[in-house]
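Asker: Dropping a structure here in structure tokens format, bear with me for questions.
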Amino acid sequence: MIRVLIADDHNIVRDGLKRILAATIDIEVAGEAASGDQALALVKAADYDVAMLDMSMPGLSGLDLVKRIKLEKPKLRILVLSMHGEQQYAARVLKAGASGYLNKDSAAEVLVSAIRKLAAGGMHVPESAMAGLVSSGKPLHESLSDREFEVLRLLVEGLGPTDIGERLHLSVKTVSTHKTRILEKLNLGSTAELVRYAMEQKLV
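In our numbering, each residue carries its 1-based index in the sequence shown increased by 1.
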């Protein structure tokens, strides 16, 4: 039996995922978390075969959460679920230690197949993401560090420096420094231009 941990801050999403997996005979939901911190605590306390993580949750989330979980349980397979564009995010989550990436728009059978593939030691990377991974002409945002990329994601979501600092456990000054570097690397002059860039690049 494949033991799965579901981590998503939306009850309705977790319920939907549980219903999908309840229809299988070889997968069981062995734990669920509504935040990244809760997911990390569950990973420390019990053993799972696959952890399904939402990319955006309160507290610890995204690339930081993937890295922390891999530090705790190096052998745990991680499948990241997200609404974000596959080409833009898949490479980063895989580099951070995840074994698969799946858009939340995917069909139920694709999700089940991905979990089985990961549990068997494989990877799950959608074809659209593979195209992005092998493309030679890299977009500007690929020059950002993982931390800068996380700050960009939260800025585009509408969070201010104070909220971002609390979410990522950084000082407001450090967040502002990251924001300045992001704008410089992307050749942008304001947060509004950053949001427009993110939309054009399907980062939101």
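A virtual CB, placed ideally from N, CA and C, is assigned to each residue, including glycine.
So the alpha helix (DSSP H) M200 belongs to, where does it begin and stop?
Answerer: For this step, residue 200 is matched to residue 199 along the sequence shown. Taken as a continuous stretch (DSSP letters only), the alpha helix (DSSP H) holding M200 covers 192 to 201.
Asker: Please say whether K118 and S83 have beta carbons closer to each other than 8 Å?
Answerer: If you number the sequence shown from 1, residue 83 lands on position 82. If you number the sequence shown from 1, residue 118 lands on position 117. No. Outside cutoff.
Asker: Do L204 and H142 have their C-beta atoms closer together than 8 Å?
Answerer: Counted from its first residue, the sequence shown places residue 204 at position 203. Counted from its first residue, the sequence shown places residue 142 at position 141. Cβ atoms of L204 and H142: closer than 8 Å.
Asker: Just confirm the distance between the C-beta atoms of G166 and V173, as a whole number of angstroms; I'd bet it's less than 8 Å.
Answerer: Stepping through the sequence shown from its first residue, residue 166 is reached at position 165. Stepping through the sequence shown from its first residue, residue 173 is reached at position 172. 5 Å between Cβ atoms; contact.
Asker: For A92 and I26, I'd like the C-alpha separation in whole angstroms.
Answerer: Your numbering for residue 92 matches position 91 in the sequence shown. Your numbering for residue 26 matches position 25 in the sequence shown. Going from the Cα of A92 to the Cα of I26 covers about 32 Å.
Asker: Judging by CA-CA distance, which residue of I116, L169, H85 is the nearest neighbour of E201?
Answerer: Position 200 of the sequence shown, counted from the first residue, corresponds to residue 201. Considering only alpha carbons, the answer is H85.
Asker: From K186 to A31, what does the alpha carbon distance come to, in whole angstroms?
Answerer: Numbered from its first residue, the sequence shown carries residue 186 at position 185. Numbered from its first residue, the sequence shown carries residue 31 at position 30. Spanning the two alpha carbons is a distance of roughly 43 Å.
Asker: Do you know whose CA, among A23, G98, G122, lies nearest D65's CA?
Answerer: As a first step, residue 65 must be located in the sequence shown, where it is residue number 64. For the residues A23, G98, G122, the minimum Cα distance to D65 belongs to G98.
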